[in-house]
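Heads up: the structure comes next, in structure tokens.
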Amino acid sequence: EPEVTQTPSHQVTQMGQEVILRCVPISNHLYFYWYRQILGQKVEFLVSFYNNEISEKSEIFDDQFSVERPDGSNFTLKIRSTKLEDSAMYFCASSLTSGGANQETQYFGPGTRLLVL
Amino acid sequence: EDKVVQSPLSLVVHEGDTVTLNCSYEVTNFRSLLWYKQEKKAPTFLFMLTSSGIEKKSGRLSSILDKKELFSILNITATQTGDSAVYLCAVEGVSSGTASKLTFGTGTRLQVTL
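First to last, the protein sequences are chains A and B. Just so we're aligned, residue 8 is where the first sequence starts under this note's numbering, counting upward by one. Just so we're aligned, residue 299 is where the second sequence starts under this note's numbering, counting upward by one.
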């Protein structure tokens, strides 16, 4: 069964450093998403991406964050200058359609646990 | 702002018991309500509900949506220790753009004991 994959599974970085989290969505999917989950808190939407541009972003997704689909398979989240409060599990998700009545849900990857020291 | 509230926050039951998990929501431009199971890492998809009053069923799990009262329930019958997990409710809505986004509740942590 096709699945979303993410690398690395864990990343430790120093405050102020740049990190790039990588995702390979399910191959025929067209919509891509990043979510994060701070330890003990709820899963929060960061950004959605369709047709090579951001479709929607949350307040969390400020200028320090960017997303890119550099080739036909990868989808990346870059944090330019990490802060302590960026420590969280970051989930990538993908869907075939934009959801709703089309009955196509978002499928989540296993996550990257980011720790900023 | 979209909002999802789940109750109870946590629950401990004995194997074989039946549990009901609750989810109420407020969302702009509702598209669907989803239930996920989160054990250690990624949420895994259980159900997507778009229409009121139609029960979705998968084995011992079932779920129903009430769009008028803005809530959903997830039932698990004959619980097993493998059902122990955090159950997440999420609503899918669209406020702008073409892709929807999911707004999650805090989850219900279910522990099934022997």
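Note that CB positions come from ideal geometry on N, CA and C, so glycine has one too.
Limits of the beta strand (DSSP E) - the one that Met346/B falls within: Per DSSP, Met346/B belongs to the beta strand (DSSP E) from 342-347.
Rounded C-alpha distance that separates Thr318/B from Leu309/B: Going from the Cα of Thr318/B to the Cα of Leu309/B covers about 10 angstroms.
Selection of the stretch 322-338 of chain B by Cβ proximity to chain A, strictly under 7 angstroms: Answer in chain order: Arg329, Ser330, Leu332.
Glu8/A - DSSP class collapsed to helix/strand/coil: Note: Glu8/A maps to coil in three-state DSSP.
Alpha carbon of Tyr334/B to alpha carbon of Lys354/B, nearest angstrom: CA-to-CA, the gap between Tyr334/B and Lys354/B works out to about 14 angstroms.
Residue-chain proximity (Leu347/B, chain A), Cβ-Cβ < 8 angstroms: Not closer than 8 angstroms to any Cβ of chain A, the Cβ of Leu347/B fails to qualify, so no.
For Thr104/A, the three-state DSSP class (helix, strand or coil): In this structure, DSSP gives Thr104/A a state outside helix and strand, which the three-state scheme calls coil.
Contact the stretch 299-308 of chain B vs the stretch 345-364 of chain B: 3+ CB pairs below 8 angstroms: No, because fewer than three Cβ pairs between the stretch 299-308 of chain B and the stretch 345-364 of chain B fall closer than 8 angstroms, the two stretches do not touch.
Whole-angstrom distance between Lys339/B and His312/B, CA atom to CA atom: The alpha-carbon atoms of His312/B and Lys339/B are separated by roughly 24 angstroms.
Test item: CB-CB of Ile33/A and Val11/A under 8 angstroms: Contact: yes.
Under the three-state DSSP convention, the category Leu331/B falls into: In the three-state reduction of the DSSP assignment, Leu331/B falls in the strand class, which pools E and B.
Short CB-CB distance (under 8 angstroms) between Phe369/B and chain A: So, not an interface residue.
Inside the stretch 24-66 of chain A only - beta strand (DSSP E) runs reaching at least 3 residues: Fully contained in the stretch 24-66 of chain A are the following beta strand (DSSP E) runs of length 3 or more, in chain order: 26-31, 38-44, 50-57, 60-64.
Minimum length 3: unbroken beta strand (DSSP E) runs contained in the stretch 357-400 of chain B: The stretch 357-400 of chain B contains these whole beta strand (DSSP E) runs: 359-364, 369-374, 383-391.
Sub-8 angstroms separation of Arg407/B and Leu344/B beta-carbons: In this structure, the beta-carbon distance from Arg407/B to Leu344/B does not fall below 8 angstroms.
Against chain B: residues of the stretch 112-123 of chain A by CB proximity under 9 angstroms: Identification of residues in the stretch 112-123 of chain A having a C-beta nearer than 9 angstroms to some C-beta of chain B yields Thr112, Gln113, Tyr114, Phe115, Gly116, Pro117, Gly118, Arg120, given in sequence order.
Glu91/A - DSSP class collapsed to helix/strand/coil: Sequence inspection shows Leu at residue 91/A; the Glu mentioned does not correspond to that position. Under the three-state reduction of DSSP, Leu91/A is assigned to helix.
Alpha-carbon to alpha-carbon, Ser88/A and Glu75/A: Taking the straight line from one Cα to the other gives about 17 angstroms.
Span of the beta strand (DSSP E) around Lys85/A: That run of the beta strand (DSSP E) goes 82-86.
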